[in-house]
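Each residue of the sequence shown is one higher than the one before, counting from 2 in this note's numbering.
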Amino acid sequence: MCGAPYYGRIINDFTERGGANVISVPFRDPYKPNMEVENFQKVYEEHTAKGEAIKALIMVNPQNPHGNIFTKEEIIALGDWASERHIVVVIDEIFASSVYSNEIKFESLLSFRKSLKKPDNVIWMWEFSKDLCMPGMKLSVMHCENTKITRCLRRLEIMQPCAPLVQDFLVNFLSDLDALRHEQKADITAAAKGDKDSSYK
Numbered sequence: 002m003c004g005a006p007y008y009g010r011i012i013n014d015f016t017e018r019g020g021a022n023v024i025s026v027p028f029r030d031p032y033k034p035n036m037e038v039e040n041f042q043k044v045y046e047e048h049t050a051k052g053e054a055i056k057a058l059i060m061v062n063p064q065n066p067h068g069n070i071f072t073k074e075e076i077i078a079l080g081d082w083a084s085e086r087h088i089v090v091v092i093d094e095i096f097a098s099s100v101y102s103n104e105i106k107f108e109s110l111l112s113f114r115k116s117l118k119k120p121d122n123v124i125w126m127w128e129f130s131k132d133l134c135m136p137g138m139k140l141s142v143m144h145c146e147n148t149k150i151t152r153c154l155r156r157l158e159i160m161q162p163c164a165p166l167v168q169d170f171l172v173n174f175l176s177d178l179d180a181l182r183h184e185q186k187a188d189i190t191a192a193a194k195g196d197k198d199s200s201y202k
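Laid out in structure tokens, this is it:
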């Protein structure tokens with residue numbers, strides 16, 4: 002299940018690669034989406050009544066395509082709802098560092114995961130390519146406290162390993178986090194103001 006509209010390649014990743022069907026849960030207002038448990042419950046009941054098994058709930062925060070930010074309270078409520086139904090929660094924070102407005106507070110799931118009833122039911126993801134404008138850096142970061150899930154991920158990892166050269170480059174790239182954050186914040190702010198020289202244009 003995934004709130005809609007959503008990033009088109011979710012279909013590629015889950016349907017073409019995993020052979021799973023993606024069930025859309027339309028937001029009441031696509032331009033100001035909210036993760037409302039009632040919407041997900043309604044769609045859940047419709048599909049389980051047909052005998053369909055729902056295995057995962059996908060959340061992208063900040064949201065793609067509109068860039069809206071879901072609150073800590075929304076994520077906890079929906080995450081707990083999913084866990085009660087034995088649905089694994091997949092949360093992708095691929096744009097976590099790309100929030101340029103100081104008026105909007107983004108909170109990563111990693112900072113409040115212990116507030117969930119079952120934090121080991123969540124898979125957290127992030128990667129360099131989108132958030133740092135590095136499309137050639139094919140390396141993702143995943144965090145999960147469920148040993149059954151991590152064992153499965155290790156077996157799948159061999160199918161798409163990360164090149165040692167990429168790993169070495171990114172270790173050096175991240176060696177000065179303060180400088181990186183400073184430059185990225187300045188670049189994102191410039192992009193928001195329409196600067197054509199920004200990496201985020």
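Here a beta-carbon is modelled for each residue, glycine too, at the ideal position from N, C-alpha and C.
Query                                                                                                                                                     : Result
Which residue from N122, R155, A164 puts its Cα closest to that of C145?                                                                                  : N122
When you compare each of A78, K73, T151 to F113 by their alpha carbons, which one comes out closest?                                                      : K73
Pick helix, strand or coil for H48, following the three-state DSSP scheme.                                                                                : helix
Sorted by chain position, which residues of the same chain lie with C-beta nearer than 7 Å to V172's C-beta, five sequence neighbours on each side aside? : none
DSSP on P162, reduced to helix/strand/coil?                                                                                                               : coil
Count the CB pairs spanning the stretch 21-28 and the stretch 36-47 that are closer than 8 Å, and state whether there are at least three.                 : yes
Please return the same chain residues whose Cβ sits closer than 7 Å to the Cβ of I88, not counting the five positions on each side in sequence.           : I55, K56, A57, L58
What does DSSP give as the partner residue(s) for L58 in the beta ladder?                                                                                 : V90
Please state the DSSP three-state secondary structure of E104.                                                                                            : coil
Could you check whether M60 and I92 sit closer than 7 Å to each other, using their CB atoms as the reference points?                                      : yes
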